[in-house]
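Trainee:
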Amino acid sequence: MREWGLSVNLLGLKARLVGAAAFALLVQAAVGQSGPTVSCSAASEPRAVRATGIAELLPDIVVRCVAERIAPLAARADLQVEVLLSLNASVTNRVGFGGDSRASSAVLVVNGNDCAAPSAQGGTYGACGAPLPHVQDPQYARLAGRDALNWPDVSVPFPGAPRADGQGRNPPVSTLRIRGVRANVTQLALSAAASPAGPDVTASVALRATSPVTSKGSRILLGRPVAGLDLSVVADSEDAACTERGGYRSTLRLREGFASAWSEGRIGSSRAAATRILLEFREVPEGIGVLLPASVDCRDPGFDTGPASSPDAAVLGLISGVLPDGGGGSSSSGRGDTTPSVRLALSGGTGWAAYEVDGGAPLQVEDCHVPVEFADPSGQARSFSAKVGAGLAPSSRVFVASEWAPTPRFARPISSRERTLGPASCNTNLTFPFVTNQAGFTTGVVITPEPERAGSQAATGGRPGSCSLHYYGSDADGQPVVLVQKSAVIETGEQLVFTLSAGNQASNLAGVSQFRGYLVAVCANPQVSGYAFLSDGFGGIADLAMGYLAPEVSLGRFGKRQVPSHVPD
Amino acid sequence: MFPTDARSTVGGLAWPTRGGQPSSSLPAAVFVALAAAGGLWAQPVPSAELGVIRCSVSASEPLVRIEGTSELVGDIVLTCHNSEPSLGLEASGFVELEVALSLNVDMANRTAFGLGADVSDAVLVVNENNCAVPGAGRHFGGCPAGSETVQAPMPGRRESVAPKTVRWTQVALPIPGAAAGRHGTPVEPVADCRDRYGLAGGCHPTTTTLRLTNLRANAAQLGVSGAEISGSVAIEAALEVLAEDAAVVLEEHQVTVAHAAPGILAAAETADADRLCSHGETVAHLSVVEGFAAAFKEAGGATFHPGHPGWDEGYYPFSQAGRGQGFATSPTRLRIGLTGIPEGVEVTSPASVICSSPEGLHTLAFGFVAGTAADGSGGQAVSWRAGDRMLADGRTRSAVAVYEVSRAQSVLKEECRIPIRFARTDGGSGSGWAADVTVSTHLVPAGRAGPGDAGHRFAVHRRQVGQSFHLHGCGTRLLFPFVTNRSNFETAIVITNTSADPLGTRHQAGRCILRYQGAAAAGRQPPAPQTTLELEAGRQLAFTLTSGNPEQGVMPVTDFQGYLVTECDFQHAQGFAFVTEQINGAAVLAQGYLAEVLAETAAPAQSR
């Protein structure tokens, strides 16, 4: 067999005969032709496909064949051809149909003669309940390489010719519909693009027969890779907040890349599983917990704003017991609870969770907001920060046709598309660089929670919280002193006031004797200010005094104390 | 309903049977009639005469690296058939034509491999008659298949005046379906071509293909800055076919042969910069991301015959009907360049890097290449057991590491975090300065391939803006804007080492240099700089200008007014000044302030 492209004639082709009377006419007609007599062209309606998809469903390809000259008057044999489909990406259909390891789930349908159980080998008629007994049954494809499928022994009714059984004519156009082809789109994805769009998914169709050919439409556009999921972190100023429990809450925005990106499994004849979204958290500081909601109702009045926008329809349900690749597991028991209350299992600062997309409108670009809460059960001063990545799931490394790999499946998002949550802190750290109650001096210290800022949506300052006071210095003999005291809760609108010598019993602070050094205050409140007042109180009357504002110590992304720096222009 | 478990031949055609017998689904009468009519099936198929030869053009469109100056682009295939009207018998059975191919970038095929200065290794193959190129011109014979009726693969010629063009002349195009004779022998019409296609004395196949293969392009001419390219840029080919004695019509003249996109992206990740101060070393990571799935290539599977159509075969993962593995003749190399390394800091990187993935699969790995030339060529991969490699060049304060891909998955877009270790050479407690160590990462060998060079070369793209490892200075500078001990005034200074804190900061100890700037008494120079004794974490250095603090290495200064800058060898120093007016030994006025912590300025060390 040679590869001839898209057009075949009848020279040397096998005939399917059902009556002796028709036989002679058929053969005469067949050998009497010269040059191409049937011209076929292939076309498709391209669609958006998910750029991270390993087994993306491609649109149907329709090969239309017509007689180049006028339709023959006599019956003609079916064209016997082998159809070869080549993609610019690997074929990733499920294989193993009908006990044949190379039979894939992609199907070729002749003249619309379809059924639910195609033939694995081809060449069968009326075996699967397809409506046209004189047209071959639909036929599973065979793998012909990592990027190619073929259908051997396809019988194509000669377009417009009288049928050999005398029951009328064949349609003037014979069609070969190829459906259900899946491809690894990730091969075409680019790292450099703002969206991972790469070259389009294209295909070529060839018909093999011992006949001349003309090729039309050799390159068929099938799919345009588009990101299926966009992850962003809602700006801190809009909704980030320190919680009453001493934690920190932020919001992830998961946006469908295009209207049908999350719809596979719910539309058409697809038997694919519902779309899943895998969230992966990294670099979560030790001791910090991550809480997620069991359900996310994407129809969120807080975000579905604007007169032209229609409300989102999808609901995300958390999967419990999910595997690291986003597969497995089952629906979380707490479905319906939209508060972040499910604690993520973390190991080494890394953990993952998966949501399954329920509902949703195929024509609507869904936009879902997932609240994430960082919890600090220890109440220690910490920086809340982590990296989060999101991708469609389950992820897989099976990039070829497989008998067992899940459909659909996706490549993991690369780390450069991760987002950073934070850094944020719900504590304030103050240093008082010099405090003393030696040599007749004493130091008064005041810590003031800032009032809640007008117009701010974030409940930042002004909430109750205590302070831990860490003394570093020496006593009157020059011996090192390290001391920690924890104050009582500073209620909203109150101040913490004490002197080194006397402390403040009401605030649970004891005085320290003959101390000179510095003080670090760690306050469970995101907005506090500090003031120190040093005075020389000989004879109980202060004759020298000065004061200063305490510098704040900020923590960086790794929870480390930051150093003032700038990069020169 | 033709079961396909066996076949027989009727009239020279494969015919489905079951169990060696004609299919029982055919009525017996039909089969009998079919057998009896065998003569009709055997109607002869005469050879065709020369008509108008129409050729469609198609090409594969792989992704190629836009940094590449000699990227292998997709094959172009001309599929030709013979259509009416007939122009009569052509006695040679061939049409002689010239094929010219031009790209929108320069061709980058090799030329200096022994067949002539202008003979390239871009090859034209007729009817898939694939073999090593026997010579510079048109040859018949020597190829393993169809050698008498189809010419051997032919190398194209490059023109110095037209670097984007390669040309094949005197190509013998078999006339589709025409009688085929031995080369040089006039042919006679053939009464029946059946079973004689492709044979001398028989007929040419009814379709003729011309494959232009092993085409290399200078993709870098489309732009090489990864930061500025979003998406891909098409490499287009324009084709011309000229035949003096026949009508040869191309149905398309322009095809896309590749999409060029950045092959590598890199980002610098500074980890715990403070470790350089507290532990004397820290590890930063260079995040390297493959631009697309097949951008990083490992070596293997390639042939090295100049002009062989399979040269670099397997280059694309899905060429050759899936037999390719995404390999290359030489593995992809990347060069990591560091500049602005501070004095007293050495830089090392591992001999091998096995890149991790979330699933624990390690599909991408790099090996360090030692002894490379400045352009990244040459050298030899070191053993993975060799340990960390020293990179820094002490004279230029720069460092270079060249790695090559030792393992890669051609269908997966991969990434890797390459550790770069910075270590202080003075033991970790010296007075290092902050620095932004600039890092540039690009594919090598750099430059354009020479006429005889095999393998791939790359243009050096501009450094990505902002790619640097930030190293903190291991010290603190404090400014006391006003200090005095004139006119009955006195100033007390407190410097606090607050690296002891409840925030997880690593304890650091160090000395401080006190630099007085300002007006000394008439006829005197300002006090000379003083260096204190070491100040432990959590401790304070306290002194007055007049008395100093000899126990901590601070000498008195007299009659001074100005400002004081302290440079401490530890981070997180803070300062406090207390200015008093004293009359008869008693303080009557006082005022204090916190010293200003001067922001560290990150700049290349050599500029300091």
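Chains as they are written, first to last, in the numbering used here: chain D, 5 to 573; chain H, 1121 to 1728. Yeah, the Cβ is synthetic: ideal placement off N, Cα and C, and Gly gets one too.
1) Let me know if R347 of chain D comes out buried or exposed under the rule of 16 or more other beta-carbons within 10 Å of its beta-carbon.
2) Would you call S334 of chain D buried or exposed, if buried means 16 or more other Cβ atoms sit within 10 Å of its Cβ?
3) Please report whether the beta-carbon of S1167 of chain H lies at a distance below 8 Å from any beta-carbon of chain D.
4) CA-CA distance, C132 of chain D and C119 of chain D?
5) Give, in chain order, every residue of the segment 1623-1634 of chain H whose Cβ lies closer than 8 Å to some Cβ of chain D.
6) Using the rule of at least 16 other Cβ atoms within 10 Å of the residue's Cβ for burial, across every protein chain shown, is R280 of chain D buried or exposed?
7) Thinking C-beta only, is H1259 of chain H closer than 8 Å to A1298 of chain H?
8) Kindly list, in the order they appear in chain C, the residues whose Cβ is closer than 7 Å to that of L194 of chain D.
9) Count the CB pairs spanning the segment 114-130 of chain D and the segment 408-426 of chain D that are closer than 8 Å, and state whether there are at least three.
10) Tell me the residue span of the beta strand (DSSP E) that contains C1200 of chain H.
11) Using only the alpha-carbon positions, how far apart do V1239 of chain H and E1248 of chain H sit?
12) Between T96 of chain D and N188 of chain D, is the Cβ-Cβ spacing less than 8 Å?
13) Taking the alpha carbon of L233 of chain D as the point to measure from, which residue in D:G227, D:L500, D:A394 has its own alpha carbon closest?
14) Following the continuous beta strand (DSSP E) through R1527 of chain H, name the residue where it begins and the one where it ends.
15) What distance in whole Å lies between the Cβ atoms of V392 of chain D and E284 of chain D, which are believed to be in contact at a cut-off of 8 Å?
16) Taking only three categories from DSSP, how would you classify P1670 of chain H?
17) Mind pulling the chain H residues with CB within less than 8 Å of A415 of chain D?
18) Hey, which unbroken runs of the beta strand (DSSP E) at 3 residues or more fall wholly within the segment 403-430 of chain D?
19) Can you find the residues in the same chain that come closer than 8 Å, C-beta to C-beta, to V230 of chain D, ignoring five residues on each side of it along the sequence?
20) Using a Cβ-Cβ cut-off of 8 Å, state whether G203 of chain D counts as contacting chain H.
21) Against chain D, does Y1713 of chain H count as a neighbour if the rule is that its beta carbon must be under 8 Å from one of theirs?
22) Spell out a yes or no on whether the segment 467-484 of chain D and the segment 520-534 of chain D are touching, meaning 3 or more CB-CB pairs, one atom from each, closer than 8 Å.
23) Give the straight-line distance between the Cα atoms of Q1694 of chain H and V1409 of chain H, rounded to the nearest whole angstrom.
24) Relative to the C-alpha of E1292 of chain H, which candidate in H:V1614, H:T1328, H:L1342, H:L1217 has its C-alpha closest?
25) Does the pairing of the segment 98-110 of chain D with the segment 157-176 of chain D give three or more beta-carbon distances under 8 Å?
26) Specify, as a first and last residue, the run of the beta strand (DSSP E) that C1536 of chain H falls within.
27) Please check the pair C1313 of chain H and G1322 of chain H, which I expect to be a contact at CB under 8 Å, by giving their CB distance rounded to whole angstroms.
28) Does the Cβ-Cβ distance between V288 of chain D and V209 of chain D come in under 8 Å?
29) From the DSSP output, in three-state form, read off S1398 of chain H for me.
30) Where does F1260 of chain H fall in DSSP's three states?
31) Flag E1181 of chain H as yes if its beta-carbon sits less than 8 Å from any beta-carbon of chain D, otherwise no.
32) Would the segment 1675-1683 of chain H count as touching the segment 1598-1605 of chain H if we require 3 or more Cβ pairs under 8 Å?
33) With 8 Å set as the bound, which would you pick, yes or no: does the beta-carbon of L1385 of chain H sit closer than that to a beta-carbon of chain D?
34) Would T1604 of chain H pass as an interface residue toward chain D - the criterion being a Cβ-Cβ separation below 8 Å?
35) At what residues does the beta strand (DSSP E) containing V1307 of chain H begin and finish?
36) So, V1557 of chain H versus V1361 of chain H, is the Cβ gap smaller than 8 Å?
Mentor: Let's see:
1) Along the first sequence, read from residue 1 onward, the residue named residue 347 of chain D stands at position 343. The residue is exposed, with fewer than 16 neighbouring Cβ atoms inside 10 Å.
2) Here residue 334 of chain D corresponds to residue number 330 of the first sequence, with the count starting at 1. The residue in question, S334 of chain D, is exposed, as its Cβ has fewer than 16 Cβ neighbours within 10 Å.
3) Within the second sequence, the letter at position 47 stands for residue 1167 of chain H. S1167 of chain H does not count as touching chain D.
4) Mapped onto the first sequence, residue 132 of chain D falls at position 128. Mapped onto the first sequence, residue 119 of chain D falls at position 115. About 6 Å.
5) In summary, the residues of the segment 1623-1634 of chain H whose CB is separated from some CB of chain D by less than 8 Å are L1623, G1624, T1625, in the order they occur in the chain.
6) In the first sequence, the residue the question calls residue 280 of chain D occupies position 276. By the neighbour-count rule (16 or more Cβ atoms within 10 Å), R280 of chain D is buried.
7) For the purposes of this step, residue 1298 of chain H is taken as residue 178 along the second sequence, with counting starting at 1. For the purposes of this step, residue 1259 of chain H is taken as residue 139 along the second sequence, with counting starting at 1. Contact: no.
8) In the displayed structure, chain C is absent; the protein chains listed are D and H.
9) They do not touch, by the three-pair rule.
10) Counting from 1 along the second sequence, the entry for residue 1200 of chain H is found at position 80. C1200 of chain H -> beta strand (DSSP E) spans 1196-1208.
11) Translated into the one-based positions of the second sequence, residue 1239 of chain H becomes position 119. Translated into the one-based positions of the second sequence, residue 1248 of chain H becomes position 128. C-alpha separation (whole angstroms): 21 Å.
12) Reading the first sequence from its first residue, position 92 is the one you call residue 96 of chain D. Reading the first sequence from its first residue, position 184 is the one you call residue 188 of chain D. Going by C-beta atoms, T96 of chain D is nearer than 8 Å to N188 of chain D.
13) Mapped onto the first sequence, residue 233 of chain D falls at position 229. Among D:G227, D:L500, D:A394, the Cα nearest to that of L233 of chain D belongs to D:A394.
14) Reading the second sequence from its first residue, position 407 is the one you call residue 1527 of chain H. R1527 of chain H -> beta strand (DSSP E) spans 1518-1527.
15) Numbered from its first residue, the first sequence carries residue 284 of chain D at position 280. Numbered from its first residue, the first sequence carries residue 392 of chain D at position 388. With 8 Å as the limit, E284 of chain D and V392 of chain D qualify as a contact, their Cβ atoms being about 7 Å apart.
16) Residue numbering aside, residue 1670 of chain H sits at position 550 when the second sequence is read from its first letter. Reduced to three states, the DSSP call for P1670 of chain H is helix.
17) The sequence position of residue 415 of chain D within the first sequence is 411, counting from 1. Simply L1532, K1533.
18) 423-428
19) In the first sequence, counting from the first residue as 1, residue 230 of chain D sits at position 226. Answer for V230 of chain D: A52, V53, R54, A55, S199, A201, G261, F262, A265, listed in chain order.
20) One-based indexing of the first sequence puts residue 203 of chain D at position 199. Checking the sequence shown, residue 203 of chain D turns out to be Pro, not Gly. Judged by the 8 Å Cβ criterion, P203 of chain D is in contact with chain H.
21) As a position in the second sequence, residue 1713 of chain H is number 593, starting the count at 1. By the rule that beta-carbons nearer than 8 Å mark a contact, Y1713 of chain H touches chain D.
22) With a cut-off of 8 Å on Cβ pairs, the segment 467-484 of chain D is in contact with the segment 520-534 of chain D, counting three or more such pairs.
23) As a working note, residue 1694 of chain H is residue 574 in the second sequence. As a working note, residue 1409 of chain H is residue 289 in the second sequence. Near 42 Å, if we compare the C-alpha coordinates of V1409 of chain H and Q1694 of chain H.
24) In the second sequence, the residue the question calls residue 1292 of chain H occupies position 172. The sequence shown places Ala at residue 1292 of chain H, not Glu. Comparing Cα positions, the closest option is H:L1217.
25) no
26) Counting from 1 along the second sequence, the entry for residue 1536 of chain H is found at position 416. Looking at the DSSP string, the run of the beta strand (DSSP E) that includes C1536 of chain H is 1535-1544.
27) On the second sequence, position 193 is the one that residue 1313 of chain H refers to. On the second sequence, position 202 is the one that residue 1322 of chain H refers to. Going by Cβ atoms, the distance from C1313 of chain H to G1322 of chain H rounds to 6 Å, so yes, they are a contact pair.
28) The sequence position of residue 288 of chain D within the first sequence is 284, counting from 1. The sequence position of residue 209 of chain D within the first sequence is 205, counting from 1. Result no, Cβ atoms of V288 of chain D and V209 of chain D do not sit closer than 8 Å.
29) Here the question's residue 1398 of chain H lines up with position 278 in the second sequence. Reduced to three states, the DSSP call for S1398 of chain H is helix.
30) The residue labelled residue 1260 of chain H in the question sits at position 140 within the second sequence. Of the three classes helix, strand and coil, the one that applies to F1260 of chain H here is coil, per DSSP.
31) Position 61 of the second sequence, counted from the first residue, corresponds to residue 1181 of chain H. Yes, E1181 of chain H counts as interfacial toward chain D.
32) yes
33) Residue 1385 of chain H sits at position 265 when you count from the first residue of the second sequence. By this cut-off, L1385 of chain H is an interface position.
34) In the second sequence, the residue the question calls residue 1604 of chain H occupies position 484. Cβ-Cβ to chain D under 8 Å: no for T1604 of chain H.
35) Within the second sequence, numbered from 1, the residue matching residue 1307 of chain H stands at position 187. Taken as a continuous stretch (DSSP letters only), V1307 of chain H belongs to no beta strand (DSSP E), as it is neither H nor E.
36) For the purposes of this step, residue 1557 of chain H is taken as residue 437 along the second sequence, with counting starting at 1. For the purposes of this step, residue 1361 of chain H is taken as residue 241 along the second sequence, with counting starting at 1. Contact: no.
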